[in-house]
Ligand SMILES: C[S@@+](CC[C@H](N)C(=O)[O-])C[C@H]1O[C@@H](n2cnc3c(N)ncnc32)[C@H](O)[C@@H]1O
């Protein structure tokens, strides 16, 4: 039997992502990518910058046709799709959201080598060559970090690469306002979520048998992404209220608008960690 702390958190994850695809469509880009974008020149559209982020992430993994890639926390499927089409590995994407699973399955229909599962990493035991995980670690909670890295190491064996992209804590000048804001974010928006310290990510990786090859902060890129999401949602206010309700719209505007300043000030950060299993 799986220990209690190792069961996947379907309920809290679905509470966020299964709100309504029509609602998320009103502020995300057409690929429905829901994580920090990457603006190499600062002039990209949101969609181009999301594709640039996906390519930045997949490029670090040096993917080859015939390899097996595991996407932990695949969202609506954009990274897995791009990986399969542009870089050629066989891809399995895991999500705990029913809506994302249904949506991603529609994308994968008729395409071989691209599979989505409504499953957490907690129960996934198959071997793979590479792992990408973008914006999912924030959901796990520190009680699972040790098991998460051990499970990734077990799937990768030796020499496999993992690209872990996650929001982290930032500088340590924590104010009461900041603590109140994290409480709002991790209870009202992402119930059960926690932000790891960058050192915790690297440390747990090392204990499980990973070496850190590269770490990159995308902090200012997340601030810009959030500004664009908030602008989109604000422009689509009437439709957003129609597909959800006024309270949801107000809460999401508060969430999207309030995160960007904390990325700008450095009180929170977002990193891509490239690790190799040794
Ligand atoms: C912020 S979304 C990011 C989605 C996608 N990577 C992207 O960049 O658009 C977080 C994803 O993590 C997934 N997730 C959360 N906990 C998970 C778990 N224990 N196992 C697998 N996926 C999980 C959610 O279902 C969701 O798809």
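Numbering (this note's numbering), first residue to last: -17 to 260. Ideal placement from N, C-alpha and C gives every residue a C-beta, glycine not left out.
Legend entry - Proximity winner among 40, 8, 247 and 96, relative to residue 153 (alpha-carbon distances): Translated into the one-based positions of the chain shown, residue 153 becomes position 171. For the residues 40, 8, 247 and 96, the minimum Cα distance to residue 153 belongs to 247.
Inset, instruction - Look up residue 33 in the DSSP assignment and say whether it is helix, strand or coil. - result: Start at 1 with the first residue of the chain shown, and residue 33 comes out as number 51. Residue state, collapsed to three classes: helix.
Legend entry - Selected residue, minimal CA-CA separation from residue 72, among 114, 35 and 88: Numbered from 1 along the chain shown, position 90 holds the residue referred to as residue 72. Comparing Cα-Cα distances from residue 72 to each of 114, 35 and 88, the minimum goes to 114.
Legend entry - Quiz: which residues have CB nearer than 5 Å to ligand 1 non-hydrogen atoms: Proximity annotation: ligand 1 has residues -10, -5, 15, 16, 17, 55, 57, 76, 77, 78, 79, 102, 103, 116, 117, 118 and 121 in chain order, each selected because its CB is closer than 5 Å to a heavy atom of the ligand.
Legend entry - Distance, residue 101 Cα to residue 23 Cα: The sequence position of residue 23 within the chain shown is 41, counting from 1. The sequence position of residue 101 within the chain shown is 119, counting from 1. The straight-line gap from Cα to Cα measures roughly 37 Å.
Legend entry - Residue environment, residue 220, which counts as buried when at least 16 other CB atoms sit within 10 Å: Along the chain shown, read from residue 1 onward, the residue named residue 220 stands at position 238. Classification of residue 220: exposed, given that the 10 Å Cβ count is below 16.
Legend entry - Selection from 160, 103, 42 and 143 that minimises the alpha carbon distance to residue 191: Here residue 191 is taken as the residue at index 209 of the chain shown, counted from 1. Closest by C-alpha distance to residue 191, out of 160, 103, 42 and 143, is 143.
Inset, instruction - State the beta-bridge partners of residue 344 as determined by DSSP. - result: Because residue 344 is not part of the residues shown, which for the chain are -17 to 260, the question remains open.
Legend entry - Endpoints, beta strand (DSSP E) assigned at residue 197: Here residue 197 refers to the residue found at position 215 of the chain shown. 192 to 199 is the span of the beta strand (DSSP E), which, as asked, contains residue 197.
Legend entry - Member of 32, 48, 91 and 87 whose CA lies at the smallest distance from the CA of residue 61: Against the chain shown, residue 61 aligns to sequence position 79. Closest by alpha carbon: 32.
Legend entry - Proximity of residue 250 and residue 177 at Cβ, strictly below 8 Å: For the purposes of this step, residue 250 is taken as the residue at position 268 of the chain shown. For the purposes of this step, residue 177 is taken as the residue at position 195 of the chain shown. Here residue 250 is near residue 177, since their CB atoms are less than 8 Å apart.
Inset, instruction - Would you grab the beta carbon distance between residue 196 and residue 256 for me? Rounded to a whole angstrom, and I think it's under 8 Å. - result: Within the chain shown, residue 196 is the residue found at index 214, counting from 1. Within the chain shown, residue 256 is the residue found at index 274, counting from 1. Here residue 196 really is in contact with residue 256; their C-beta atoms are around 4 Å apart, less than 8 Å.
Inset, instruction - Give the DSSP bridge partners of residue 165, in chain order. - result: The residue you call residue 165 lines up with position 183 of the chain shown. Bridge pairing for residue 165: absent [DSSP].
Inset, instruction - Taking 8 Å as the cut-off, decide whether the C-beta atoms of residue 109 and residue 139 are in contact. - result: Translated into positions along the chain shown, residue 109 becomes position 127. Translated into positions along the chain shown, residue 139 becomes position 157. Yes. Within cutoff.
Inset, instruction - Please list, in chain order, all residues of the same chain as residue 133 whose beta carbon is under 7 Å from its beta carbon, the five residues on each side excluded. - result: As a position in the chain shown, residue 133 is number 151, starting the count at 1. For residue 133, where only same-chain residues beyond five positions count, the Cβ hits under 7 Å are 103.
Inset, instruction - With DSSP collapsed to three states, give me the class of residue 115. - result: On the chain shown, position 133 is the one that residue 115 refers to. Shown here, residue 115 sits in a strand according to DSSP, grouped into three states.
Legend entry - Minimum C-alpha distance to residue -15 - residue among 48, 125, 52 and 6: Locating residue -15 in the chain shown gives position 3, where the first residue counts as 1. Ranking 48, 125, 52 and 6 by Cα distance to residue -15 puts 125 first.
Legend entry - C-beta contact flag for residue 112 and residue 43 at 8 Å: As a working note, residue 112 is residue 130 in the chain shown. As a working note, residue 43 is residue 61 in the chain shown. If you check the CB distance, residue 112 and residue 43 come in under 8 Å.
Inset, instruction - Give the single residue among 224, 85 and 49 whose Cα lies nearest to the Cα of residue 59. - result: Looking up residue 59 in the chain shown gives position 77. Nearest C-alpha to residue 59: 85.
Legend entry - Validate contact between the segment -4 to 6 and the segment 223 to 240 using beta carbons, cut 8 Å, 3 pairs: They touch, by the three-pair rule.
Inset, instruction - Mind checking who residue 255 pairs with in its DSSP beta bridge? - result: Indexing the chain shown from 1 puts residue 255 at position 273. Paired residues: 146 and 197.
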